[in-house]
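Down below is the structure, laid out as structure tokens.
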Amino acid sequence: MSLLRKLFGRRAEAPRLLDAQEYTQAYAAFLGEALPLATVQVELGTTAADCRVQWEEADGLQHHQFMGNWYARYLQDPAAPRSLFEVQLSEARKLQTALANGGASGCFLPVLKSAAWLRATQAQLDQVDAPQEQRSLAVPFGAHLVLTYVEDLPDSMSFVAPARLQREGLSLEALHAAALDNLAAKLPDLRVQGGNGRYGIRLDGCYDASMILLFDAWRGMLELRGEPVFAIAARDDLLVCGSEDAEAITSLRDMAAQIAETAPYGLSAELFVWRGGQLEVLPA
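If you're matching positions, the sequence shown starts at 927 in our numbering and goes up one per residue.
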């Protein structure tokens, strides 16, 4: 009996909730059945963000997917994993086909911006009646923040517009997955500074704050009292402490307010707490 049937074969009972490693293995098993000529490899980590499936199809087209975003979607509807597997495979093929045709770039990365920045940018574009190609795709992300995507090339950086996704036949899910994969490739360069329950997360000055999207992949580097509390104060300032450390929270809140106001790429003066796999504003 296949792994998929072992996990999902009993229809009379509610399916057992899979952990991240089981989900990854089940997806790999699905690929093996859907693509019998493909070579499938699995890398299991301690969290969904660390788990990855790679495969090469018979025509030589290669794919790789980290499971973090997909596992989060599975948890929202655990009764239909096979349907999600089909979407996951479809998105991987769309992305790689676009890459092969010289369309979508393998240099997509996620960037957090302030909602105030988005409003100001849109107002400026409206004043000059700018075309849709110049308008950034932005997704709400917590209080006062939006998630945008850039194409980071050696000699230029540009924001991804919704019109580009339509032109190249890419979905937001495929773009997000590709951006997270590219960001995950930077994890070996991640540095954690500080100690005693207070930390600064450092990367390259551009995508430091974006690393909040991969928190599960590096939370093991921290020793915190209580739930993780973040200050996403600027593009290059991601600060963390524990929810049970009142002194650290007070200090973090003061630093976030100062940095957000004075930094060239300030983001938010709010503090956020990580609960249930997502961010919530920590009340003052």
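All residues carry an ideal CB built from backbone N, CA and C; glycine is no exception.
By the 16-neighbour rule on beta-carbons within 10 angstroms, residue 1074 is buried. Residue 1162 sits close to residue 1191, with the two beta carbons spaced by under 9 Å. Bridge pairing for residue 1083: 1078 [DSSP]. Per the coordinates, the alpha-carbon of residue 966 lies some 14 Å from the alpha-carbon of residue 1011. A direct Cα-to-Cα measurement between residue 1160 and residue 1186 gives close to 6 Å.
In this structure, residue 1065 keeps its C-beta atom at 9 Å or more from the C-beta atom of residue 1076. Counting of Cβ neighbours within 10 angstroms places residue 1062 among the buried residues, the total reaching 16 or more. In the three-state reduction of the DSSP assignment, residue 1036 falls in the strand class. In the same chain as residue 1148, and ignoring 5 residues on each side of it, the C-beta atoms closer than 8 Å to its own belong to 1118, 1125, 1154 and 1166, in chain order. Listed as beta-bridge partners of residue 1160 by DSSP are 1163 and 1192. Residue 1019 and residue 986 have their C-alpha atoms some 12 Å from each other.
In the structure shown, the three-state DSSP call for residue 1064 is strand. Contact between residue 1100 and residue 1058 is absent: CB atoms are separated by about 19 Å, not below the 8 Å threshold. Bounds of the alpha helix (DSSP H) holding residue 1102 are 1098-1110.
DSSP assignment within the region 965-990 yields the following whole beta strand (DSSP E) runs of 3 residues or more, N-terminal first: 965-969 and 978-982.
Of the candidates 962, 947, 964 and 983, 947 places its Cα closest to the Cα of residue 976. For residue 1013, the secondary structure class from DSSP, reduced to helix, strand or coil, is helix.
By the criterion of a C-beta distance shorter than 6 Å, residue 1206 is surrounded in its chain by 1199, once the five residues flanking it on both sides are discounted. In the DSSP annotation of this structure, the continuous segment of the beta strand (DSSP E) that includes residue 1126 starts and ends at 1124-1128. With distances taken between CA atoms, residue 1006 lies nearest to 943 out of 943, 1034 and 1115.
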